[in-house]
Amino acid sequence: MIAYVLRRLLGLIPMLVGVSVALFLVLHAIPGDPAQLAAGPDATEEDIDQIRTNYGLDRPLHVQYFIYLGNLLQGDLGTSFRTQRPVAEDIARTLPATAELAAAAMAIALLLGVPAGIVSALRPGTALDTAFTTFSVLGISMPGFFLGLLLMLLFAAQLGWLPPTGRGSLAHLVMPAITLGLPYVASFARITRSNMLDVLGEDYVRTARAKGLPRRVVVYRHALVNAAIPLVTLLGIYFGRLLGGAVIVETIFAWPGMGRYMIEAIGQRDIHVVQGTILVFALAIVLVNLAVDLLYGLIDPRISYR
């Protein structure tokens, strides 16, 4: 397993280089002068030229990239045009907020979605199954920004139970986490129901029932364990989508995370910030998928990494 992990970690290097090349070319193809935006509307031409020189924007594009790549290999993500601080420092400040929101949303999705899918699979065709299926369709279909505004209108503006924006106490986390996690509750419930229905019809489940094992043991120790592999796979896939949704949710609730930091940087064409945040997002997704691959071996001992 150690050799497998090392191979996967070494494979991150060409992946991150490829992402950095694509980002660099796309951001420099966008119309507009980042030096002029950084200088402000009242800046003189001399000020703008000075900013171009300071940030190396007056050099050929390929020279700019290799300078950026050399700094990146040393852990230097550049300096923000807006804040004049190292991008790595700003990311270290905003990343914990995004990680907290993503973890809370994924916990909501798993703790509500998986049990709902199990109950629905054990009672197929009943009113409860129909209710869960309807909820799944509605949850998947509802846009995150719309759900967030509804929650804010109800629990913050009308009832006054929760703070509308910001980060601090647990109360600040409730609405953003529900907004981000609710669509995945529906997705996990639907996938769990489908997988459980398939597994419950297998011969080994019928054999376990014929032996007189308690229903709880049959469902959780035999059926759910074998239905968990597709769920773990979806965990890695949904994590990337969850980070994309966090960008919108953080903007709605003024959550001081990396997604909101990136959106503000895009508006100001702060290319170092955009490059740095997307690279960190890409690295997080790859590491989570590596963790998911390792979980396969824990769930099913028959899986080998040799």
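With my numbering as the guide, the letters of the sequence shown map in order to residues -13 to 292. Don't be surprised by glycine CBs; every beta carbon is placed ideally from N, CA and C.
For Thr116, three-class secondary structure by DSSP: Three-state result, Thr116: helix.
For Pro72: DSSP bridge partner residues: According to DSSP, which records beta bridges pairwise, Pro72 is partnered with Thr65.
Rounded separation between Val73 and Thr116 - CA only: Each residue's Cα considered, the two are about 49 Å apart.
In chain order, each alpha helix (DSSP H) run of at least 4 residues that lies wholly inside the segment 131 to 207: As far as the segment 131 to 207 is concerned, its whole alpha helix (DSSP H) runs of at least 4 residues are 156 to 186 and 189 to 196.
Beta-carbon spacing of Arg297, Ala83 below 8 Å: The structure shown does not extend to residue 297, since the chain spans only -13 to 292, so no value can be given for it.
C-alpha distance - Ala89 paired with Leu96, whole-angstrom precision: If you take the alpha carbons of Ala89 and Leu96, they lie about 11 Å apart.
The segment 203 to 212 touching the segment 181 to 191, judged by at least three CB pairs closer than 8 Å: Flag = yes, the segment 203 to 212 and the segment 181 to 191 touch.
Ranges of the beta strand (DSSP E) found wholly within the segment 19 to 59, counting only runs of at least 3: Whole beta strand (DSSP E) segments, 3+ residues: zero.
The alpha helix (DSSP H) enclosing Ile215, as first and last residue numbers: From DSSP, the alpha helix (DSSP H) with Ile215 extends over Val211 to Ile238.
Distance, Leu217 Cα to Leu178 Cα: Reading off the sequence, residue 178 comes out as Thr, not Leu. Near 7 Å, if we compare the C-alpha coordinates of Leu217 and Thr178.
Reduced DSSP category for Ile252 - H, G, I as helix; E, B as strand; rest coil: Note: Ile252 maps to helix in three-state DSSP.
Sufficient close CB pairs (3 or more, under 8 Å) joining the segment 232 to 246 to the segment 271 to 282: Output reads no: the segment 271 to 282 does not touch the segment 232 to 246.
Whole-Å CB distance - Leu13 paired with Gln261, under 8 Å assumed: Right, the Cβ-Cβ distance comes to about 7 Å (below 8 Å), so this counts as a contact.
The segment 220 to 232 contacting the segment 160 to 176, beta-carbon criterion three pairs below 8 Å: Yes, the segment 220 to 232 touches the segment 160 to 176.
Touching by the beta-carbon criterion (3+ pairs, under 8 Å), the segment 102 to 109 and the segment 138 to 158: At 8 Å Cβ cutoff, the stretches do not touch.
Nearest-angstrom Cα separation, counted from Arg45 out to Val160: As the crow flies, the alpha-carbon of Val160 is around 48 Å from that of Arg45.
Proximity below 8 Å, CB of Leu87 to CB of Gly243: Yes; because the gap between Cβ atoms is below 8 Å, this pair is in contact.
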